[in-house]
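Quick notes on the structure that follows.
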Amino acid sequence: EFSGPEPLGADDLRILQGLVAMAGPNGLVLGPEPKTEGGRQLRLFLEPKWEAVTADAMVVKGSYRALAKEIGAEVDSGGALKHIQDCIERLWKVSIIAQNGRKRQGFRLLSEYASDEADGRLYVALNPLIAQAVMGGGQHVRISMDEVRALDSETARLLHQRLCGWIDPGKTGKASIDTLCGYVWPSEASGSTMRKRRQRVREALPELVALGWTVTEFAAGKYDITRPKAAG
Numbered sequence: 064e065f066s067g068p069e070p071l072g073a074d075d076l077r078i079l080q081g082l083v084a085m086a087g088p089n090g091l092v093l094g095p096e097p098k099t100e101g102g103r104q105l106r107l108f109l110e111p112k113w114e115a116v117t118a119d120a121m122v123v124k125g126s127y128r129a130l131a132k133e134i135g136a137e138v139d140s141g142g143a144l145k146h147i148q149d150c151i152e153r154l155w156k157v158s159i160i161a162q163n164g165r166k167r168q169g170f171r172l173l174s175e176y177a178s179d180e181a182d183g184r185l186y187v188a189l190n191p192l193i194a195q196a197v198m199g200g201g202q203h204v205r206i207s208m209d210e211v212r213a214l215d216s217e218t219a220r221l222l223h224q225r226l227c228g229w230i231d232p233g234k235t236g237k238a239s240i241d242t243l244c245g246y247v248w249p250s251e252a253s254g255s256t257m258r259k260r261r262q263r264v265r266e267a268l269p270e271l272v273a274l275g276w277t278v279t280e281f282a283a284g285k286y287d288i289t290r291p292k293a294a295g
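The numbering of the sequence shown is my numbering, which starts it at 64 and goes up by one.
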């Protein structure tokens, strides 16, 4: 269960993907009882509840510039860096309640502490579920940041995220144009609005093809979609 004051968009998703990617090689485990003041504040701002109180989170230490580079944004643009900061603040406002059997966890999607606008330093904590995925536990999806950086449109980025969630590398899945529209716009639509959505999805599919995906329309509005094999 997710809750927040405003809907998240493709840019927010890209920032979260970038933070998770940065946590992979450089993340620091944030245990239930951090030793440093910064660690305690990050843990506090995550607002862990129930089972999450004893779960490990993960800290990303870096900079806005490093995050911009990770997601393929303008590194030297003040406007782009401000946009990244705004996205992180929106992500922090999202609260999560996760229930697995009798286990119940609650926390913020992420938390940020002591970001320094003067030198662009960044300290972000990722919640225990994300931390578990970064460390190789639980169910998680691997997404190529090279592919994320190469995508131009919001529609393509949202499609890419959802398709990576259920099509494994080297495998093929089937989807209708309306199913693909639902990945980008969760609200229902009809008439001219739906026609515009279908058109935008059709315009986004070549971006996936350019990454090495195969998209074949085997019947009107029905597609076979093959994800490229993982590198290495």
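Beta carbons: idealized from backbone N, C-alpha and C, even for Gly.
Determine the burial state of residue i: buried for a count of at least 16 other Cβ atoms within 10 Å of its Cβ, exposed for fewer.
i	result
SER250	exposed
ARG175	It should be noted that the sequence gives Glu, not Arg, for residue 175. Burial call: buried.
VAL272	exposed
ARG258	exposed
GLU100	exposed
GLU210	buried
ALA136	buried
GLY102	buried
GLY142	exposed
Residues in its own chain within less than 6 Å of residue i by CB, not counting five upstream and five downstream?
i	result
SER216	ALA267
ASP208	Position check: residue 208 holds Met in this sequence, whereas Asp was assumed. Excluding sequence neighbours, MET208 sits near ALA84.
VAL138	ARG128, ALA131 and LYS132
PHE281	ASP287
THR117	PRO95
Rounding to the nearest angstrom, what Cα-Cα distance links residue i and residue j in this structure?
i	j	result
LEU243	THR279	14 Å
ARG167	SER255	43 Å
GLU270	LEU214	6 Å
HIS223	GLU69	22 Å
ALA294	CYS227	15 Å
PHE108	GLU96	14 Å
SER140	ALA73	19 Å
GLY164	LYS112	16 Å
TRP276	ILE147	29 Å
GLY284	LYS98	56 Å
SER253	ARG290	30 Å
Would you mind stating whether residue i and residue j have Cβ atoms separated by less than 8 Å?
i	j	result
PRO191	ALA84	no
LEU71	TYR127	no
ILE288	ILE230	yes
GLY81	ILE134	yes
VAL264	THR235	no
VAL123	ALA161	no
ALA188	LEU274	no
Which residues in the same chain have their Cβ closer than 8 Å to the Cβ of residue i, if we skip the five residues on either side of it in sequence?
i	result
GLY158	One detail in the question is off: residue 158 reads as Ser in this sequence, not Gly. Excluding residues within five positions, the ones whose Cβ falls inside 8 Å are PHE65, SER66, GLY67, GLU110, GLY169, PHE170, ARG171 and LEU172.
TRP248	ARG260
Return the Cβ separation of residue i and residue j in integer angstroms, given the expectation that the two are a contact with Cβ distance under 8 Å.
i	j	result
LEU79	LEU154	6 Å
ARG77	ARG220	6 Å
ARG8	TYR246	What the structure shows of the chain is the stretch from 64 to 295, and residue 8 is not part of that stretch, so it cannot be assessed.
Leaving aside the five residues before and after residue i along the sequence, list all residues of the same chain whose C-beta is less than 7 Å from its C-beta, in chain order.
i	result
LYS292	PRO232 and GLY233
ASP119	VAL92, LEU93, GLY94, PRO191 and ALA194
ARG261	ILE240 and CYS244
ALA238	TYR286 and ILE288
LYS156	GLY67 and PRO68
ASP75	CYS150, ARG153 and LEU154
Verify the CB distance criterion: does residue i have a CB-CB separation below 8 Å to chain C?
i	result
MET208	Looking at the structure shown, chain C is missing, and only one protein chain is on hand.
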